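Colleague: Supplied in C-alpha cells, the structure appears directly below.
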Ligand code: SF4
C-alpha cells in the first residue's frame, strides 16, 4: 500500500501522540513533541498545492461500517484550517518547553498528561479536518470534543469544573448533530456528500429547517455562538498556559469548519436563504447573521467587565467567532473572504495575546488586572507582543485584523445591511475598550514595588511570541498571501473569493492595498519621530516624579487607576448585564434535574422488576417486528 | 538675589542671520500657543473662569488651560500661597518642561498682600521660584489678567521672558529660601542639578551651601529603564 501525503500526516500525528504517551515522563518531552509538530507542519507544507487550488488528496485508508463507507481526504479548506492548527500547536508547544514546564511541574502540574492532551487534540483535529463524509465527520467531532475535555481538565480544581460544563454542552451538541445525521440518512439513504447534495434539492422546507437548527446548534455550541457560549470562557481560561493559547487560537474554529462544510457546502446558502421565518421579514440566513452579531456584542462587553486577563481574552474569543460567521453568511466574495481570513488572523492574535498574558503570569504569578501595572519597563518585549496582538484584535492598521474586519464591514455595507454593520461597529468599540483595559492595567501606569525586580520572560517563551507578532504584522502588510489560500478554500465550499493582489484585494467598488496603507502610516510615524528626535535633549523621569495635583507621591501609594475600570460606561450599561443566559442555563439544568428525579421516583418506588421486564419485552418486540 | 541683578540684559544678537530668523520664528510660534496650568491657590482664581470663557475668551489669544505640568508652558499662581501649598507649587513648577513661565496674579503673590502678618503664608513668590510677570490687584479684573498675559506674550516673542533659566543658574539661592521655610531636609523628587547639567544651564549660582546640604540627604530617583535580562546585582540578591 502506498501512503498518500495525508496518510503520512496522520501517521506522523499519531506518532506524536505515541511519543508523548510513552516517552512523556522523560525529560525533554516538550522539545520532542515540538519537533514532531514541526515535522507534521513540514508534511502539510508538502501538500501546499492544496492551498493554491490543487486537487484534494485522499487517504488510502477507508473503512466500511454497517454498509457505510468511511473516507478521509484533504482539500483546500481542510488544509487552511490544518495549517493554523499545526502552527498554533508548534508555537504553543514551543512556549511550554523549558522554564514553563519546570514551573508547571513545581506547582504540581502533570507535564506528561498536558503534552499527551495537546498531541491528542492536534491529532483529532486533523482527523476531523480530513473527514470525507458525514459519518467520519461525526467521529472526528466526538474525538475532538473529548480531547478538548482532557486538555481543559488537566489543571484540576476550577478547571475540572469548567471542563465538566464544557463536556455537558459538547455531549448535547454531539447528540443534536447525531440527530441531524440520522435525519439526513433517512432522507438521502447515504452519508456521502455527493448523495446528500442531491437529496437536499428534494427536501421540504420543514426538513431543511430541522436540519439547519440541529446542525447549527450542534456546531454552534463548539463555536460558542449565542446562547450556547457560557461554557467557553472559563474552560479556556483555566487551561494551563500554552494549552489555553492553543485552544483559544483554533479549537472553537472546528465548529466553524463544520458549519462551513455542512450548512454552506451541503445545504447551500441559497437554500438557507429560502427558509423564511413565518410572520417575520427574516429568513434562516438573517437569523444566523443576527446570532453572529449578538455573539460579537454580548461576549465582548462581558469581556470588558473581567478582572482576570485570561478571562478577558477568553470572552473576547467568543465574540470574534461572530465576525467569522457573519462574514461567511453574507456569502458574497468580500465577506466570505474576510470571515475565513479572520480565522487565521484571529488565531495569530489570540495566541500571541494569551502567551503574553501567561508570560506575565509566569513572572508575576498573577493575571489579576488589579494587581499588575507598569510592566513595560520590565517586560518590554512582552509588551510589544501584546501591543501587536491588541492592535490586530481591535482591527486597526497596520495589523492583520484590520484586513479581515475591513472585508466584513465592506461586504455588509455593499449588501445593504446597515444594522448588522452597526452591530459590528458596536462590537469593535467594545473590543477596543477592553483591550485597552488589558494593556493599561498590565503594562502601563505604575510599576508595583513587588515587581521591581522581575525580568523579561525567558527566550523559550519569547521566541514563539515574537514569531507570532511577526506573523500578525506580515499578514497585515501582505494579506495577499493568506487571501490566496482563503480563496482556494472558499471554492471548495462553492463560494467565490475576491480578486487578490499582494497587498490586499482588487475590486471595482474600492480596492484595498495594505502596502500603501502601512506605508502612509509609517511615513506619519516617521515625521513624528523626526520632530521628536530633533527637538533637543529629552529626559526620562522616574514614575514617582509624576503629577497628582502637586501631591508628593511615594511607592506605597497606589495611583494606578485599574479597579472598576470604565465606571462611567459600566454605570450606563449595567442594566444590560442581567445574566439572562445564566438564568436560561440554570433553568434548563433545574428542569433536567426535576425530570430525572421524577423518573428515578417512578423507577425506584414502583415495582422496578416489572418495569424492567416490560421495557425489555417492548424492545424485543420492536426489534422482532 | 536683589531685584537689580535680575533686570534682564539683552545681549546684541550676532551670528548666522538665518539662524536668527529661525529663532524668531520659534519664539513667535511659542508665544502664540500657550498652555496654562492654573494652580488656583487663593481668591484670585475666581477671575479666571470669566477670562477663559466666552466673555473674555482667552483662547482667541492662543492660550488654553492644560491639566498636567508636563505639557504646560505657564504656571498661574492666583493668590496667596500658604506654606503647605508652596511645596506643591514648587514641585509642580519643577515638573514643567522648559521653557516655562510663571505669572503671579494678585497682590498677595507680590508681597503677601493682606496676609502680610499671617504665619502660614509665603510672602514673596519670587524668593522661591523665578516669576516672569506679576498682575497686581486685590483681585485684578479679567481685563487685567488678559492684558498681563498679552504682555507675557510680547516678552516671549521678544525673547525677554527667560527667567526659567534663572532657576537653574541660581538654584542655590532659591533652594536656600525654600530650606529656610520648609526645613533642611526639604527635597522634591525632581533633580534640578542633574537637569541643569543635562540642559547645559549650569551657572555660578547653581551650586552652593544649600545644594551641598541637599546632597547630603537626597535620595535621587532613578528613571525606570527598559530591561530585558537581569543584572548581576539582582541575581546575587
Ligand atoms: S490679593 Fe486679594 S484677592 Fe488676591 S489672593 Fe490676596 S486677598 Fe485674595
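Protein chains in written order, with my numbering: chain H, 912 to 1536; chain S, 45 to 281.
Glycine residues also receive a C-beta, built at the ideal position from the N, C-alpha and C atoms.
Fair warning: this is a prediction, and the values are worked out from it, not measured in the lab.
1. Give the interface partners of residue 1375 of chain H over in chain S, defined as CB-CB distance under 7 angstroms, in chain order.
2. Quick check: the Cα distance between residue 990 of chain H and residue 1363 of chain H, rounded to an integer number of angstroms?
3. Pull up the CB-CB distance for residue 1177 of chain H and residue 1108 of chain H, whole angstroms please, since I reckon it's below 8 angstroms.
4. Would you say the beta carbon of residue 14 of chain S comes nearer than 7 angstroms to a heavy atom of the ligand SF4?
5. Can you list, in chain order, the stretches of the alpha helix (DSSP H) that have 4 or more residues and sit fully within the stretch 65 to 139 of chain S?
6. When the cut-off is 8 angstroms and only beta carbons count, does residue 242 of chain S lie next to chain H?
7. Cβ of residue 148 of chain S within 7 angstroms of any heavy atom in the ligand SF4?
8. Tell me the DSSP secondary structure of residue 983 of chain H in three-state form.
9. Should residue 970 of chain H and residue 1030 of chain H be called a contact, given that it needs their Cβ atoms to be closer than 8 angstroms?
10. Report buried or exposed for residue 1316 of chain H, applying the criterion of at least 16 other Cβ atoms within 10 angstroms of its Cβ.
11. Check distances from the C-beta atoms of the stretch 82 to 101 of chain S to those of chain H and list, in chain order, the residues that come in under 8 angstroms.
12. Take residue 295 of chain S and list the residues in its own chain whose beta-carbon comes closer than 6 angstroms to its own, dropping the five residues that flank it on each side.
13. At the level of alpha carbons, what is the spacing between residue 1312 of chain H and residue 1429 of chain H?
14. Is it a yes or a no for the stretch 1092 to 1103 of chain H touching the stretch 1043 to 1063 of chain H, going by three-plus beta-carbon pairs under 8 angstroms?
15. Output the boundary residues of the alpha helix (DSSP H) element that contains residue 1056 of chain H.
16. Taking Cβ positions, are residue 1033 of chain H and residue 924 of chain H nearer each other than 8 angstroms?
17. Taking C-alpha atoms, which residue in H/1249, H/1264, H/1019, H/1331 lies nearest to residue 1205 of chain H?
18. Starting from the beta carbon of residue 239 of chain S, find every residue of chain H whose beta carbon is closer than 8 angstroms, and list them in chain order.
19. Any residue with its C-beta under 6 angstroms from a non-hydrogen atom of the ligand SF4 counts. Can you list them all in chain order?
20. Beta-carbon of residue 108 of chain S versus every beta-carbon of chain H: anything under 8 angstroms?
21. Determine the DSSP secondary structure at residue 1103 of chain H, reduced to helix, strand or coil.
22. Which residue comes first and which comes last in the beta strand (DSSP E) that contains residue 177 of chain S?
23. So if DSSP puts residue 975 of chain H in a beta bridge, which residue, or which two residues, is it bridged to?
24. For the alpha helix (DSSP H) containing residue 146 of chain S, name the first residue and the last one.
25. Taking 7 angstroms as the cut-off, is the beta-carbon of residue 232 of chain S closer than that to any non-hydrogen atom of the ligand FAD?
26. Starting from residue 1410 of chain H and walking both ways along the beta strand (DSSP E), at which residues does that stretch end?
27. Measuring only the C-alpha atoms, how far is residue 1007 of chain H from residue 1334 of chain H?
28. Classify residue 188 of chain S as helix, strand or coil using the three-state DSSP reduction.
29. In three-state DSSP terms, what is residue 1072 of chain H?
30. Does the beta-carbon distance from residue 216 of chain S to residue 261 of chain S come in below 8 angstroms?
31. Could you give the distance in angstroms between the alpha-carbon of residue 1465 of chain H and the alpha-carbon of residue 1457 of chain H?
32. Provide the residue span of the beta strand (DSSP E) that contains residue 1415 of chain H, from first to last.
33. Hey, how far is the Cα of residue 128 of chain S from the Cα of residue 232 of chain S?
34. Using C-beta distances below 7 angstroms, list every residue in its chain close to residue 116 of chain S, excluding the 5 sequence neighbours before and after it, in chain order.
35. Does residue 74 of chain S come within less than 8 angstroms of chain H when only Cβ atoms are used?
Modeller: This is what the structure gives:
1. Under the 7 angstroms cutoff, chain S gives no residues; its nearest Cβ is about 17 angstroms from residue 1375 of chain H.
2. 46 angstroms
3. In this structure residue 1177 of chain H touches residue 1108 of chain H by the C-beta definition: roughly 6 angstroms separates them, less than 8 angstroms.
4. With chain S covering only 45 through 281, there is no way to say anything about residue 14 of chain S.
5. If we require 4 residues or more, the alpha helix (DSSP H) runs fully inside the stretch 65 to 139 of chain S come out as 92 to 96, 127 to 139.
6. yes
7. When distances are taken from the beta-carbon of residue 148 of chain S to the heavy atoms of the ligand SF4, even the shortest one reaches 7 angstroms or more.
8. Strand, per DSSP.
9. no
10. buried
11. 83
12. A query on residue 295 of chain S cannot be resolved here, the shown segment of chain S reaching from 45 to 281 and no further.
13. 13 angstroms
14. yes
15. 1045 to 1064
16. Cβ distance < 8 angstroms, so residue 1033 of chain H and residue 924 of chain H count as in contact.
17. H/1331
18. 1450
19. S/86, S/87, S/88, S/123, S/124, S/150, S/151, S/152, S/157, S/158, S/182, S/183
20. Cβ-Cβ to chain H under 8 angstroms: no for residue 108 of chain S.
21. strand
22. 177 to 179
23. Beta bridge pairing from DSSP links residue 975 of chain H with H/980.
24. That residue, residue 146 of chain S, is in no alpha helix (DSSP H); its beta strand (DSSP E) goes 145 to 149.
25. By its list of ligands, the structure shown excludes the ligand FAD, since it contains just the ligand SF4.
26. 1410 to 1412
27. Take the alpha-carbon of residue 1007 of chain H and the one of residue 1334 of chain H: they are about 38 angstroms apart.
28. helix
29. helix
30. The answer is no: Cβ separation not under 8 angstroms.
31. 10 angstroms
32. 1415 to 1417
33. 14 angstroms
34. The residues are 79, 80, 81, 110, 140.
35. Taking 8 angstroms as the threshold, the shortest C-beta distance from residue 74 of chain S to chain H does not fall below it.
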